[in-house]
Structures are given as structure tokens and as C-alpha cells.
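K.L.:
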Amino acid sequence: MPSGDSVTSTIACHVLEFNLAFERGGFLLQAAARVDAGVTGICGPSGCGKSTLLALLAGLLPPRSGTLSFRDQTLVDVAAKKYVPAWHRHFALVFQDGQLFPHLTVQDNLLYGYRRRAAGERRFELQQVLDLLEIGPLVVRRPAQLSGGERQRVALGRALLYSPRLLLLDEPLAALDERLKQQILPFLRRVKEETHLPMLYVSHARAEVEYLADRTLWMEAGRLLT
Amino acid sequence: MLSPAEWEALRLSARVALWATLLCLPCGILVGWLLARREFRGKFLVEALVQLPMVLPPVVPGYALLLLLGMQGPIGRWLYESFGITLAFTWKGAVIASAVMAFPLLVQPVRVAFRLIDSRLEQAATTLGATPWNAFLTVALPLALPGVLAGSVLCFSRSLGEFGATMAFVGNIPGETRTLPLAIYSFMNVPGGEGAAMRLAGLSIALALLALAASHWLTRRAERRLGYLDHRVPRA
Numbered sequence: 006m007p008s009g010d011s012v013t014s015t016i017a018c019h020v021l022e023f024n025l026a027f028e029r030g031g032f033l034l035q036a037a038a039r040v041d042a043g044v045t046g047i048c049g050p051s052g053c054g055k056s057t058l059l060a061l062l063a064g065l066l067p068p069r070s071g072t073l074s075f076r077d078q079t080l081v082d083v084a085a086k087k088y089v090p091a092w093h094r095h096f097a098l099v100f101q102d103g104q105l106f107p108h109l110t111v112q113d114n115l116l117y118g119y120r121r122r123a124a125g126e127r128r129f130e131l132q133q134v135l136d137l138l139e140i141g142p143l144v145v146r147r148p149a150q151l152s153g154g155e156r157q158r159v160a161l162g163r164a165l166l167y168s169p170r171l172l173l174l175d176e177p178l179a180a181l182d183e184r185l186k187q188q189i190l191p192f193l194r195r196v197k198e199e200t201h202l203p204m205l206y207v208s209h210a211r212a213e214v215e216y217l218a219d220r221t222l223w224m225e226a227g228r229l230l231t
Numbered sequence: 018m019l020s021p022a023e024w025e026a027l028r029l030s031a032r033v034a035l036w037a038t039l040l041c042l043p044c045g046i047l048v049g050w051l052l053a054r055r056e057f058r059g060k061f062l063v064e065a066l067v068q069l070p071m072v073l074p075p076v077v078p079g080y081a082l083l084l085l086l087g088m089q090g091p092i093g094r095w096l097y098e099s100f101g102i103t104l105a106f107t108w109k110g111a112v113i114a115s116a117v118m119a120f121p122l123l124v125q126p127v128r129v130a131f132r133l134i135d136s137r138l139e140q141a142a143t144t145l146g147a148t149p150w151n152a153f154l155t156v157a158l159p160l161a162l163p164g165v166l167a168g169s170v171l172c173f174s175r176s177l178g179e180f181g182a183t184m185a186f187v188g189n190i191p192g193e194t195r196t197l198p199l200a201i202y203s204f205m206n207v208p209g210g211e212g213a214a215m216r217l218a219g220l221s222i223a224l225a226l227l228a229l230a231a232s233h234w235l236t237r238r239a240e241r242r243l244g245y246l247d248h249r250v251p252r253a
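Written as C-alpha cells, this is what we have:
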């Protein structure tokens, strides 16, 4: 049995705290954790509910019951009928296949969330992110003209430019072959080290999670193991 | 080449078809999106209601419109008494008749277009600060544009050719409700009208072909603009 840090950690600087239940088609997810600053990995086999958990945190699925708070701000409290929708949470989610908008250029994709943030809330500028992820030459292209690795770097850049309070990464490398994975991992590491954004990194690949994460939570059959 | 009466029929047809398409567009986009994206109680009923004009004899929706929107109908009387609006036997009524008959032809391609868009794209937009309405306007609608354009052209063409419902609801009044098909029908029934009937029939065929070509061109152009056909740079 792999060992992860205890979810009932007593460290006071946790940024995210949740205790959520979700049910669909006989699948029950019941997950509770306190997440600290830095990168938290969530690792587990396919179908264990990792992506569902991220969707619940991002506000893409409504939980059946439970609570979610970020830095002491309650985002979800089902019993109290409180539910902050996805577009007010300021959590960016990087999908497995990027989900770049095919009708927009790379530049317009990158600026999609940036333009929806007030100037005072922006933490990153376009040029910074272009340099960080080495995607400058791609800005005039359309997503259909990008390779898989380029697409994921643009998706990561788009999420960063939204200046999220929390970055959720849902198997961002799963669609790439091993060679591309090895190319992108250093970029993710660089994002971690240079932005200090709290991140939740979901993957079924243990090595990937351990390379990036400061601590790892394990998930199995809809439950986070402690 | 065309007589004043024939020109009049052509102009009226174009005006009726244009207004019918504009009237159908917002409802067609909304209903197409709802049918593609949402599961709700009574969905089958909405689908059936939308498709009904396609499978009914056109005179039936026309007659229903007359019963509802005619001067003696409940809605028609209310419109007249409250706003002074008369629909029966006017060109505005012809717009309504055409819109009802052409609506399914707009909804179908719009619905298919929305169904083909990965709904996670809109989810991605909401995780980047877009409200659902904003995500619809900036992601789903632009991506559905080829379907919306194709549906609009079909709707316009169908409105140009509307006959049965128009005849039943607004009659065949020269200059007011005598659109191209009604003019052809009228010319067919007067001695010596064959020449005019044939000219207008030829014109109808030409307009229909033009509309189909325009639909094809607009769809291709929209697809290219949206990046669907753009793979000039080889994948790495």
C-alpha cells in the first residue's frame, strides 16, 4: 500500500479543504482532504474518480453533499445551500486533451481567461508565459496546427494567464507519448518553481506525480486514502 | 423581362423569406441548443412539435394559424384589440406562416452542429471565468456557425417556396400576400398566363439553386475560418 501524507495533517497553512460526496450511475465518490500550498498529487488507477473529484472542485459538477472552502472562504456548503459557480471560483483546470478553442488562434486562446480578469488581479503577462513555456512562435497558429505537446503547453499557458488561485491539472500528459511527456515535465516543474501557485495534479502515473508533487494523496474506488 | 406583377411577387417573396428567417433564427438557435444539450421532461413533445409542420399537410398549420391568429382567433383578437396588429390576410401573416413551416429546417442543422461540439469546451470556458451565457456566445455559437448558416439558408429557401400554409392563413392577395408560388399558381389558372408561370417557375429554380450554392459556400468559409479545414502546418 503506497503511503501518502495524512489528509488530516495539522499544518495550518492549508489552502483548500473539502469533504464532498457525489453519486452517479452507481458510482459513489466520497472524498475529504486538506490541501496545503505547493503541488499536491492525486494518484490512483483509471476510473477511481480522480477526474470527477477535480470536476467537483472546479465547479463543473454539483456535489450531492459536503463542503468546500478555499483559504477560509466557503465555496460550497450543500446543507446551507451555498454554491459558488465555476466562473467565480478562479480555479483553472487543464484538461487531459487541452480543450483549446478550435476557432481561436493560440494567442486568443491564451488570452481567453486573462481578458476576464480585472487588471489588478492579473499575476502574469502574455510575454512572461510565452517565455516560460516557450510557445512564442505558436501565437498566430490555430489549435489544429499544433502538435500534442504544443497543445498542452498552450493549455497550461491559458490556465496560468487566468491568474488562478488554484491550478487543477487533470492528467495533462496522459494523451502524450513518453518522449513528449519527458519534454513537458520540466515545463510543469518550472511553472511550479516560478509561480508558486497551489496545484492539484491528478495522474495515474506514479512517477510523474512524484516528480512534481510535494505530497501525494492516493485514491481508490471513489475514496481518498489517508 | 419580368412584368410589374411578377416583380412584385418576387420582391414580396424575398421580403417574406427574409423576415421569416430573421424571426426563426433566435428561436431556432435556442431550441437547437436545448435539444442538443439538455435532457428535460417533455423533450420528445418539443421535438415532435418542432418537426410537426414537416410531416403535416401544409394547409393544416395554415388553418391552425387562421384559427389562432385570425381576427376571430383568441390571439388574433387580442393582438388587434391591444396593439392594432392584424396578421390574417397581410404580408406579416405570410411571414408567420413561412416561419412556422421553415422552422424545422433551421432547427435540424443547428441541433446537429451543437451536438458535434464537445461540451467540455464550454466547461473549459467557465473554468476561465466565462459565465455559461458568455461561454455560449464565445465558444458554442461560433463553433456552431456553419450549422446556423446552413440552417438559415434552408429556412430562407423554404420560406421563398411556402405555399399551402400561406394560402390557408393569408390568402392570395396581389401585392400583399401573393408570393412567388402563389403567383405561379394564379398565372397557371388564367388563360394566357403560362408564359408568366413558366418564367416564375424558372426563377424559383434559379433562386433555389443559388441559395443551395450560397449555403455550401458559406459553410465551407465558416469551417475554414473556424480552423476545421486548416492543416497546412504539418503536425510535429
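These protein sequence lines map, in sequence, to chains A and B.
Read left to right, the first sequence gives residues 6 to 231 (the working numbering).
Read left to right, the second sequence gives residues 18 to 253 (the working numbering).
Even glycine gets a Cβ: it sits at the ideal position worked out from N, Cα and C.
Computed from a predicted structure; not experimentally measured.
#1: Taking DSSP's pairing of strands, which residues face Ile134/B in a bridge?
#2: I want to verify the contact list: residues of chain A whose CB lies under 8 Å from the CB of Ala157/B, in sequence order.
#3: So that I know if they touch, is there some Cβ in chain A lying closer than 9 Å to that of Asn189/B?
#4: Under the DSSP definition of a beta bridge, which residues are partnered with Arg13/B?
#5: Using three-state DSSP, classify Ala124/A as helix, strand or coil.
#6: What are the residues in the region 96-118 of chain A lying within 7 Å of chain B by C-beta distance?
#7: By the three-class DSSP mapping on this structure, what secondary structure does Gln132/A have?
#8: DSSP beta-bridge partners for Asp74/A?
#9: For Glu225/A, name the three-state secondary structure that DSSP assigns.
#10: Indicate whether Val134/A and Leu115/A have their beta-carbon atoms separated by less than 9 Å.
#11: Can you find a CB in chain B that lies within less than 9 Å of the CB of Leu61/A?
#12: Alpha carbon to alpha carbon, how far is Val165/B from Leu165/A?
#13: Go ahead and label Leu217/B buried or exposed: buried means 16 or more other beta carbons lie within 10 angstroms of its beta carbon, across all protein chains shown.
#14: What residue from Ser115/B, Ala53/B and Ser169/B has the CA that sits closest to Ala157/B's CA?
#15: Measuring alpha carbon to alpha carbon, tell me which residue in Arg184/A, Arg122/A and Leu172/A is nearest Gly154/A.
#16: In angstroms, rounded to a whole number, what distance separates the CA positions of Leu217/A and Leu62/A?
#17: Does the pairing of the region 135-154 of chain B with the region 175-189 of chain B give three or more beta-carbon distances under 8 Å?
#18: Scan the region 111-138 of chain B for residues whose Cβ lies nearer than 8 Å to a Cβ of chain A and list them as they occur along the chain.
#19: Please identify, using Cβ separations under 9 Å, the residues of the region 198-216 of chain A that lie next to chain B, in order along the chain.
#20: Check the Cβ of Leu34/A against every Cβ in chain B and list those closer than 8 Å, keeping chain order.
#21: Sorted by chain position, which residues of the same chain lie with C-beta nearer than 6 Å to Leu202/A's C-beta, five sequence neighbours on each side aside?
#22: Is there a Cβ of chain A sitting closer than 9 Å to that of Thr236/B, yes or no?
#23: Once the 5 residues before and after Arg76/A are set aside, which same chain residues still bring their CB inside 6 Å of it?
#24: Between the region 61-71 of chain B and the region 197-205 of chain B, can you find at least three pairs of beta-carbon atoms closer than 8 Å?
#25: Counting only the same chain and skipping the five closest in sequence on each side, list residues whose C-beta sits under 7 Å from that of Pro251/B.
#26: Could you compute how far the alpha carbon of Ala84/A sits from the alpha carbon of Glu213/A?
#27: Under 9 Å between C-beta atoms, does Arg242/B make it to chain A?
#28: Say whether chain B places a C-beta atom closer than 9 Å to the C-beta of Trp92/A.
#29: Among Leu33/A, Gln104/A, Val44/A and Arg29/A, which residue has its Cα nearest to the Cα of Gly227/A?
#30: What does Tyr167/A touch in chain B if you count any residue whose Cβ is under 7 Å from its own?
#31: Within a Cβ cutoff of 6 Å, which residues of the same chain sit near Pro126/B, ignoring the five residues on either side of it in sequence?
#32: Quick check: what's the CA-CA separation for Leu174/A versus Met204/A?
#33: Give me the Cα-Cα distance between Ser30/B and Ser115/B, rounded to the nearest whole angstrom.
#34: Rounded to a whole number of angstroms, what is the C-alpha to C-alpha distance between Arg146/A and Phe61/B?
#35: At a Cβ threshold of 9 Å, is Leu160/B touching chain A?
#36: Output, in chain order, the set of chain B residues within a Cβ distance shorter than 8 Å of Leu65/A.
P.N.:
In brief:
#1: Start at 1 with the first residue of the second sequence, and residue 134/B comes out as number 117. The partner list for Ile134/B (beta bridge, DSSP) is empty, contrary to what the question assumes.
#2: Your numbering for residue 157/B matches position 140 in the second sequence. In chain order: nothing, as chain A lies at least about 10 Å away.
#3: The sequence position of residue 189/B within the second sequence is 172, counting from 1. False, the Cβ-Cβ gap to chain A never drops below 9 Å.
#4: Within the shown structure, residues of chain B are numbered from 18 to 253, placing residue 13/B beyond reach of any answer.
#5: Within the first sequence, numbered from 1, the residue matching residue 124/A stands at position 119. If DSSP states are grouped into helix, strand and coil, Ala124/A belongs with the helices.
#6: Within the region 96-118 of chain A, the qualifying residues are Phe96, Ala97, Leu98, Phe100, Gln104, Phe106, Pro107, His108, Tyr117 and Gly118.
#7: On the first sequence, position 127 is the one that residue 132/A refers to. Helix, per DSSP.
#8: As a first step, residue 74/A is located in the first sequence; it is residue number 69 there, counting from the start. The sequence given here has Ser at residue 74/A, not Asp. According to DSSP, Ser74/A shares a beta bridge with Glu22/A and Thr79/A.
#9: For the purposes of this step, residue 225/A is taken as the residue at position 220 of the first sequence. Glu225/A: strand per DSSP, three-state reduction.
#10: The count along the first sequence starts at 1 and reaches residue 134/A at position 129. The count along the first sequence starts at 1 and reaches residue 115/A at position 110. Closer than 9 Å, so yes.
#11: Locating residue 61/A in the first sequence gives position 56, counting from the first residue. So no, Leu61/A is outside the interface.
#12: By 1-based counting over the second sequence, the position of residue 165/B is 148. By 1-based counting over the first sequence, the position of residue 165/A is 160. Distance between the alpha carbons of Val165/B and Leu165/A: 33 Å.
#13: As a working mapping, residue 217/B is identified with position 200 in the second sequence. Leu217/B should be labelled buried.
#14: Locating residue 157/B in the second sequence gives position 140, counting from the first residue. With distances taken between Cα atoms, Ala157/B lies closest to Ala53/B.
#15: The count along the first sequence starts at 1 and reaches residue 154/A at position 149. Of Arg184/A, Arg122/A and Leu172/A, the residue nearest in Cα terms is Arg184/A.
#16: For the purposes of this step, residue 217/A is taken as residue 212 along the first sequence, with counting starting at 1. For the purposes of this step, residue 62/A is taken as residue 57 along the first sequence, with counting starting at 1. Counting only the Cα atoms, Leu62/A lies some 20 Å from Leu217/A.
#17: They do not touch, by the three-pair rule.
#18: Taking 8 Å as the Cβ-Cβ cut-off against chain A, the residues of the region 111-138 of chain B that qualify are Asp135, Arg137 and Leu138.
#19: Closer than 9 Å at the C-beta level to chain B, one finds no residue of the region 198-216 of chain A.
#20: Numbered from 1 along the first sequence, position 29 holds the residue referred to as residue 34/A. For a Cβ distance threshold of 8 Å, nothing in chain B lies close to Leu34/A: the least Cβ distance comes to about 18 Å.
#21: Counting from 1 along the first sequence, the entry for residue 202/A is found at position 197. These residues qualify, in order along the chain: Leu172.
#22: Stepping through the second sequence from its first residue, residue 236/B is reached at position 219. Look at Thr236/B: its C-beta is not under 9 Å from any C-beta on chain A.
#23: As a position in the first sequence, residue 76/A is number 71, starting the count at 1. Same-chain partners within the cutoff: Val20.
#24: These segments do not touch.
#25: As a first step, residue 251/B must be located in the second sequence, where it is residue number 234. Unreliable placement is indicated for Pro251/B, whose pLDDT of 38 sits below 50; no coordinate value is reported for it.
#26: By 1-based counting over the first sequence, the position of residue 84/A is 79. By 1-based counting over the first sequence, the position of residue 213/A is 208. Rounded to whole angstroms, Ala84/A to Glu213/A spans 37 Å at the Cα level.
#27: Here residue 242/B is taken as the residue at index 225 of the second sequence, counted from 1. Yes, Arg242/B counts as interfacial toward chain A.
#28: Taking the first sequence and counting its residues from 1, the one referred to as residue 92/A is at position 87. Contact with chain B is found for Trp92/A, since one of that chain's Cβ atoms lies less than 9 Å from the residue's Cβ.
#29: Taking the first sequence and counting its residues from 1, the one referred to as residue 227/A is at position 222. Nearest option by C-alpha distance: Leu33/A.
#30: Working through the first sequence from its first residue, we reach residue 167/A at position 162. By Cβ distance, chain B contributes Leu145 and Gly146.
#31: For this step, residue 126/B is matched to residue 109 along the second sequence. Excluding residues within five positions, the ones whose Cβ falls inside 6 Å are Gly164, Ala167 and Gly168.
#32: On the first sequence, residue 174/A is found 169 positions in, with the first residue counted as 1. On the first sequence, residue 204/A is found 199 positions in, with the first residue counted as 1. Distance from the CA atom of Leu174/A to the CA atom of Met204/A, rounded to whole angstroms, is 7 Å.
#33: Taking the first residue of the second sequence as 1, we reach residue 30/B at position 13. Taking the first residue of the second sequence as 1, we reach residue 115/B at position 98. Rounded to the nearest angstrom, the gap between the Cα atoms of Ser30/B and Ser115/B is 10 Å.
#34: For the purposes of this step, residue 146/A is taken as the residue at position 141 of the first sequence. For the purposes of this step, residue 61/B is taken as the residue at position 44 of the second sequence. So the two alpha carbons sit approximately 42 Å from each other.
#35: Sequence index remark: in the second sequence, residue 160/B carries index 143 (1-based). Taking Cβ atoms only, chain A reaches closer than 9 Å to Leu160/B, which makes this a yes.
#36: Residue numbering aside, residue 65/A sits at position 60 when the first sequence is read from its first letter. Within chain B, the residues Gln140, Thr143 and Thr144 have their CB atoms less than 8 Å from the CB of Leu65/A, given in chain order.
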